[in-house]
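Asks: Residue numbers (UniProt numbering): 1 to 93.
Can you read through this structure? Questions will come right after.
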């Protein structure tokens, strides 16, 4: 069964999410941005969500985590919680 590890930054607006992606792509540390900006309690751990399998996260999140490239920021991913920057840190099929 597939498993993945990911981290994320949860914010209120699509514009803020895109700004964070731009900062990460320009070399700013993902974990530091998560600690500073994320509305999710995981922000205190740099956005780390640990390991999980398909179906354990909301569908919009799962789609990115189990289909997109590992090690790059993805988003904005819109869910009922807000807008996420998602980085898949590892994935096994």
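Built from N, CA and C at the ideal position, the CB exists for glycine as well.
In this text the structure is predicted, and so the values were computed from the model without any measurement.
(1) Apply the 10 Å Cβ neighbour rule to residue 86 and answer buried if 16 or more other Cβ atoms are within range, or exposed otherwise.
(2) When DSSP builds the beta bridges, which residues end up paired with residue 27?
(3) Can you tell me the Cα-Cα spacing of residue 61 and residue 38, whole angstroms?
(4) Assuming residue 127 is part of the alpha helix (DSSP H), what are its boundary residues?
(5) Nearest by alpha-carbon distance to residue 59: which of 36, 84, 19 and 70 is it?
Replies: To lay it out plainly:
(1) buried
(2) Beta-bridge pairing links residue 27 to no other residue.
(3) 16 Å
(4) An answer regarding residue 127 cannot be provided, because it is not within the stretch 1 to 93 covered by the chain.
(5) 84
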